Amino acid sequence: MYWGLVNKSISPGCRFPQHTLCSLLVVLFATCGCSSLGSRAREAAVIAARDPWTWGPLTGAALITAVDGDERLSRWAKTQTPLYGSTDAAQEASDRFRALASNTAWLTFAAAVPQGKNSWLLEKGWDAGGNLAALAVARNTTGLLKAAAQRERPHDGPVHDSFPSAHATDAFAHASFGRHYADDLRMGRPWREGLKLGMNGFAFATAWGRVEGGVHYPTDVLAGAAIANFATRFFMELNAPGTAWRVRPHTTEEGGVIIEIETPL
1 MYWGLVNKSI
11 SPGCRFPQHT
21 LCSLLVVLFA
31 TCGCSSLGSR
41 AREAAVIAAR
51 DPWTWGPLTG
61 AALITAVDGD
71 ERLSRWAKTQ
81 TPLYGSTDAA
91 QEASDRFRAL
101 ASNTAWLTFA
111 AAVPQGKNSW
121 LLEKGWDAGG
131 NLAALAVARN
141 TTGLLKAAAQ
151 RERPHDGPVH
161 DSFPSAHATD
171 AFAHASFGRH
181 YADDLRMGRP
191 WREGLKLGMN
201 GFAFATAWGR
211 VEGGVHYPTD
221 VLAGAAIANF
231 ATRFFMELNA
241 PGTAWRVRPH
251 TTEEGGVIIE
261 IETPL
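Under the numbering used here, residues 1 to 265 are what the sequence shown spells out, in order.
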């Protein structure tokens with residue numbers, strides 16, 4: 001059986017269709033409770049929620065909020081600029097580290113040995129579909145929350161899209177699936193763990209650069225990290241070898257996107 005989620009006519013400047021795609025994915029997973037896919041989705045959601053990389057950032061954000069430290073930390077980071085030396089340098093560094101997180105994760109994925117029983121190309125295609133679906137959901141969930149929260153940025157003018165941080169979401173999403181595929185590399189464990197540590201470092205450096213650069217509060221980047229890990233871990237679990245369904249993205253002749261979900265009846 002194939003569930004095709006179609007998002008047609010996505011143009012570079014149009015955000016609404018992407019948000020619609022995210023909503024369709026959420027509705028699909030929420031309404032298939034009577035099927036084996038629904039059961040697997042609930043199990044994957046529980047695993048993703050219990051992951052320390054999901055609840056850890058949320059706990060940190062809750063503690064900062066409880067002590068009313070968001071604004072104080074933001075003001076201190078922007079004033080002292082302890083890591084990058086200036087707000088401009090912090091924002092530029094954040095962009096660079098986000099790119100490093102993305103590039104390293106995709107290179108790790110490319111080098112990882114597929115664990116499924118199908119051909120190398122088929123397994124890579126399925127896995128790439130899961131990665132892209134996770135990134136799409138994480139990014140568009142962040143976009144929806146930005147529009148709903150309308151939180152003003154701390155020190156970067158009256159711009160109401162501070163919560164959560166898209167930079168942090170993107171960097172931590174890549175770090176999350178990069179860590180997953182690092183375990184499938186044919187190298188010694190110290191090298192694999194070092195690679196994971198590096199990807200985590202890129203994500204943290206991205207997030208802190210947004211705080212030190214004066215464009216986000218600490219809770220903004222922590223929320224982005226939690227969203228990213230939940231979405232990525234969710235799709236990693238759903239798309240794992242041996243599960244009842246796989247995810248594959250396709251493009252249409254009109255330039256749209258189809259995310260195809262394959263599952264037995």
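Think of the CB as a built atom: it goes at the ideal place given N, C-alpha and C, for glycine as much as any other residue.
Only a predicted model underlies this, so the values are computations on that prediction, with no experimental measurement involved.
Beta-carbon proximity of residue i to residue j, cut-off 7 Å
i: PHE202; j: PHE97; result: yes
i: ALA226; j: PRO52; result: no
i: GLY178; j: SER94; result: no
i: ALA44; j: LEU238; result: yes
i: PHE230; j: ALA48; result: yes
i: ALA105; j: PHE235; result: no
i: MET199; j: ALA168; result: no
i: LYS196; j: ALA182; result: yes
i: GLY224; j: SER165; result: yes
Backbone CA spacing between residue i and residue j [nearest angstrom]
i: CYS34; j: ARG40; result: Bear in mind that the predicted position of CYS34 carries a pLDDT of just 41, short of 50, making it too unreliable to give a figure here.
i: LEU25; j: VAL137; result: Because the pLDDT at LEU25 is just 45, under 50, the model does not fix this residue reliably, and the point stays unresolved.
i: SER11; j: ARG153; result: Unreliable placement is indicated for SER11, whose pLDDT of 37 sits below 50; the coordinate value is still reported in the next sentence. So the alpha carbons of these two residues sit roughly 27 Å apart.
i: VAL113; j: LYS78; result: 43 Å
i: THR232; j: TRP191; result: 23 Å
i: THR141; j: TRP120; result: 32 Å
i: PHE163; j: ASP127; result: 30 Å
i: ARG50; j: GLY60; result: 15 Å
i: ALA207; j: ARG186; result: 30 Å
i: TRP55; j: ALA62; result: 10 Å
i: GLY213; j: ARG75; result: 10 Å
i: ALA147; j: ARG189; result: 42 Å
i: LEU291; j: VAL46; result: What is shown of the chain runs 1 to 265, which leaves residue 291 out entirely.
i: ARG72; j: GLU92; result: 23 Å
i: ALA90; j: GLY194; result: 25 Å
i: VAL159; j: LYS117; result: 50 Å
i: PRO218; j: GLY143; result: 18 Å
i: ASP220; j: ASP170; result: 13 Å
i: VAL67; j: GLY125; result: 46 Å
i: PHE29; j: ASN131; result: For PHE29, the predicted structure reports a pLDDT of 45, less than 50, and the residue's modelled location is therefore unreliable. The matter cannot be settled from this model.
i: ILE64; j: ASP70; result: 6 Å
i: LYS8; j: ARG139; result: Confidence in LYS8 is poor, its pLDDT being 38 and thus under 50, which makes the residue's placement too unreliable to answer from.
i: ARG81; j: VAL211; result: In the sequence as presented, Arg is not what sits at residue 81; that position holds Thr. About 9 Å.
i: ARG42; j: ASP88; result: 43 Å
i: GLY84; j: ASN103; result: The question names Gly, but residue 84 in the sequence shown is Tyr. Their Cα atoms are separated by approximately 22 Å.
Alpha helix (DSSP H) segment containing residue i, residue limits
i: GLN80; result: 70-80
i: GLY56; result: 52-66
i: SER94; result: 87-111
i: VAL221; result: 218-238
Test: residue i CB closer than 7 Å to a CB of chain D
i: LEU83; result: The chain inventory of the structure shown lacks chain D, comprising one protein chain alone.
CB-CB length for residue i against residue j, believed under 8 Å
i: ASP184; j: GLN115; result: 6 Å
Alpha helix (DSSP H) segments (min. 4 residues) lying fully within the stretch 137-213: The stretch 137-213 contains, as complete alpha helix (DSSP H) runs of 4+ residues, the segments 166-182, 189-212 (chain order).
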